[in-house]
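Enquirer: Letter 258 of the sequence shown, counting from 1, is numbered 257 in numbering that gives the first Met the number 0, and no numbers are missing. In this text, a Cβ means the ideal position worked out from N, Cα and C, and glycines have one as well. Before I ask anything, here is the structure I am working with.
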Amino acid sequence: MRAHALRQASFVFASVSFAALLCQPAFAKTLPTERAARALHERILTLDTHLDTPAVVARPGFDILKHNDWKTAFAQVDVPRMKEGGLDGGFWVIYTAQGPRTPEGLNAARDAGLMRAVVIREMLARSPKVFGLALKADDAAKIAAEGKRVVFMSIENSYPLAKDVSLLQTYYKLGVRLVGPVHFATNDWADSSTDKAEWGGLSPLGKQLVAEANRLGMILDQSHASDLVLDQMLELSTAPIIASHSGCKAIYDHPRNLDDDRLKALAEKGGVIQMNAFGAYLKALPQSPERREALAKLSAAYPNLASRSQADQEAFRQARVRLDAEFPENRATFDDFMAHLLHAIRLIGVDHVGIGLDWDGGGGVVGLEDASKVWKITQALMAEGYSEEDIAKIWGGNVLRVMREVEAKAQK
């Protein structure tokens, strides 16, 4: 009787254990120690292809050389946290929100884009021992070897080009080496993935943009653009392209994510998808009605926040901290992010996947809240059995390989 009871208990334990294993993420494996992960992470060049941090640098009173708390400062990247997490640098974004496509709106966007470029150049000029401007792929390793943070410049949303393709050369001379045509709303260059289509992909201007970027030696970025824009970019571009901060539609069906067939097409043309950590693109995240209402009221109370006084921005920040405490956000997790990253790697290989977390632009998940935590991605990849060579490709090698191909095509 006792033996039967023991066998029954063993069966129940085994069944429960097996069920628990089934409930674990496919990538849940024994993690290497933090020390081992950090050691490997420090040996490789780490680049994030989508840092919206210039928008934060432009805030009155913000100091990127000091440590800031992401919970209260609403800033995810600064030099101390880049050092803490082992982030060598990346592509610092000139982002312009889409506005009216009128002469007045286009003029305002043109000025805003140039001023954001100035913010990045001023950051470089103020701290030449801290930051280095990278203009070619080979510059990145040299800058990092000097102990500086790598600054490539990029454009998210071509709205500030004000329907003038020739302005792209001006931005190239300012240091920009990556350009995306569109953001949340369809514009004069392309259809957005999150708005009503107008052009059936790229507009005539958008097709000129592809040709001019190829001529100059700028990487083309599909993120935020519609699926048809990706198809047409792949057809028209003479060089590989990237999606600087996107996800996998097979994991979560969102218009901002790419389906498996398009991921394969991107890889076949030598391109790379850089995985983002924007929670709402990783999984469904319903928020409470109370939180949605409170956020709407707060936004209405502080319109045009970026152009308001330092006192107003501080008041908004404090109000947002109180709001988050009273109505906590439903957030995605590190495991959700890794599900997208690993799906892409398994589907198209380590040569075509990278990192573009969307810091300071909505990115960040539980367990990967700011730049100080990026070494955890390396730790998780090590747990999956990926080699140092593989991880180095994912963390920067792949996008630099694309950049070298873009440079070579431009020279021809």
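Would you mind listing the alpha helix (DSSP H) stretches within the region 340–405 that are 4+ residues and don't spill past its ends, in chain order?
Expert: For the region 340–405, whole alpha helix (DSSP H) runs of length 4 or above, ordered along the chain, are 374–382, 387–391.
Enquirer: From this set, Lys296, Leu113, Val55, Thr377, which residue's C-alpha is nearest Val175's C-alpha?
Expert: It is Leu113 whose Cα lies nearest to the Cα of Val175.
Enquirer: Less than 8 Å between the C-beta atoms of Leu233 and Lys268, yes or no?
Expert: Going by C-beta atoms, Leu233 is nearer than 8 Å to Lys268.
Enquirer: In the structure shown, what three-state DSSP assignment does Ser243 receive?
Expert: Note: Ser243 maps to strand in three-state DSSP.
Enquirer: Please look up how many angstroms separate the CB atoms of His49 and Phe90, rounded, as I've assumed it's under 8 Å.
Expert: With a Cβ gap of about 6 Å, His49 and Phe90 count as contacting.
Enquirer: Give the secondary structure of Ser191 by DSSP, where H, G and I count as helix, E and B as strand, and everything else as coil.
Expert: Note: Ser191 maps to strand in three-state DSSP.
Enquirer: Hey, quick one: how far does the beta strand (DSSP E) through Ile93 stretch, first residue to last?
Expert: Unbroken beta strand (DSSP E) run through Ile93: 88–94.
Enquirer: Return the first residue and the last residue of the alpha helix (DSSP H) that Asp226 is part of.
Expert: Per DSSP, Asp226 belongs to the alpha helix (DSSP H) from 226–235.
Enquirer: Give me the DSSP bridge partner(s) of Met337.
Expert: Answer is none; Met337 lacks a bridge partner.
Enquirer: Counting pairs of Cβ atoms below 8 Å between the region 73–84 and the region 347–359, do you hit three or more?
Expert: The region 73–84 vs the region 347–359: in contact.
Enquirer: Does the Cβ of Ala108 lie closer than 7 Å to at least one heavy atom of the ligand PLP?
Expert: By its list of ligands, the structure shown contains no ligand whatsoever, and the ligand PLP lies outside what it can speak to.
Enquirer: Is there contact between the region 401–410 and the region 279–286, where contact requires at least three CB pairs shorter than 8 Å?
Expert: No contact exists between the region 401–410 and the region 279–286.
Enquirer: Let me make sure I understand the geometry here. Which of Lys28, Arg115, Ser126 has the alpha-carbon closest to that of Ile63?
Expert: Here the closest residue by C-alpha is Ser126.
Enquirer: Could you give the DSSP three-state label for Thr48: helix, strand or coil?
Expert: Strand.
Enquirer: Quick check on DSSP: helix, strand or coil for Ile415?
Expert: The question about residue 415 has no answer, for the chain in this structure spans 0 to 411.
Enquirer: Could you round the C-beta distance between Gln273 and Ile241 to whole angstroms and report it? I think they count as a contact, below 8 Å.
Expert: Contact holds; Cβ gap of about 6 Å.
Enquirer: Thinking C-beta only, is Leu399 closer than 8 Å to Ala136?
Expert: Cβ atoms of Ala136 and Leu399: closer than 8 Å.
Enquirer: Name the DSSP bridge partner or partners of Ser414?
Expert: Not covered by the structure: residue 414. The range shown for the chain is 0 to 411.
Enquirer: Can you find the residues in the same chain that come closer than 8 Å, C-beta to C-beta, to Gly270, ignoring five residues on each side of it along the sequence?
Expert: Taken in chain order, the residues that qualify are Leu233, Pro239, Ile240, Ile241, Ala242, His351, Val401.
Enquirer: Whole angstroms is fine: what's the gap from Leu229's alpha carbon to Arg261's?
Expert: When rounded, the distance between both Cα atoms is 8 Å.
Enquirer: Does the Cβ of Leu123 have 16 or more other Cβ atoms within 10 Å, making it buried, or fewer, making it exposed?
Expert: Classification for Leu123: buried.
Enquirer: Compute the distance between the beta-carbons of Asn186 and Thr95, then report whether it is under 8 Å.
Expert: Contact: no.
Enquirer: Taking DSSP as the reference, what is the three-state secondary structure of Asn186?
Expert: It is coil, neither helix nor strand.
Enquirer: Per DSSP, which one or two residues make a beta bridge with Arg148?
Expert: For Arg148, which the question treats as bridged, DSSP gives the partners Phe130.
Enquirer: Identify whether Gln221 lies in helix, strand or coil by the three-state DSSP scheme.
Expert: Correct three-state label for Gln221: coil.
Enquirer: Give me, in chain order, the residues of the same chain whose beta-carbon lies closer than 7 Å to that of Ser236; leave out the 5 immediate sequence neighbours on both sides.
Expert: Hits under 7 Å: Val209, Asn213, Leu219.
Enquirer: Val55 lies in the alpha helix (DSSP H); which residues open and close that run?
Expert: Taken as a continuous stretch (DSSP letters only), the alpha helix (DSSP H) holding Val55 covers 53–56.
Enquirer: Considering only DSSP beta bridges, list what Leu265 is partnered with.
Expert: In the DSSP output, where bridge partners are listed per residue, Leu265 has none listed.
Enquirer: What separation, rounded to the nearest whole angstrom, lies between the Cα atoms of Lys28 and Asp335?
Expert: About 15 Å.
Enquirer: Any idea what DSSP makes of Ile43, helix, strand or coil?
Expert: Reduced to three states, the DSSP call for Ile43 is coil.
Enquirer: Label Cys22 either buried or exposed according to how many other C-beta atoms from any shown protein chain fall within 10 Å of its C-beta, with 16 as the threshold for buried.
Expert: For Cys22, the pLDDT reaches just 40, beneath the cut-off of 50, and the residue's location in the model is therefore unreliable, leaving the point undetermined.
Enquirer: Please work out which residues of its chain come closer than 8 Å, Cβ to Cβ, to Ala140, disregarding the five sequence neighbours upstream and downstream, and give them in chain order.
Expert: Answer for Ala140: Leu44, listed in chain order.
Enquirer: Could you round the C-beta distance between Lys364 and Ala276 to whole angstroms and report it? I think they count as a contact, below 8 Å.
Expert: Correcting the residue identity first, residue 364 is Val in this sequence and not Lys. Indeed, because the Cβ distance is near 5 Å, the residues count as touching under 8 Å.
Enquirer: Run the CB neighbour count on Asn67, radius 10 Å, all protein chains shown included, and call it buried at 16 or more, exposed below.
Expert: That one is buried.
Enquirer: With 16 other CB atoms within 10 Å as the buried threshold, where does Ser16 fall?
Expert: The pLDDT assigned to Ser16 is 39, lower than 50, so where the model puts this residue is not dependable, and the model offers no usable value.
Enquirer: Between which two residues does the beta strand (DSSP E) harbouring Gln273 extend?
Expert: First-last of the beta strand (DSSP E) with Gln273: 271–274.
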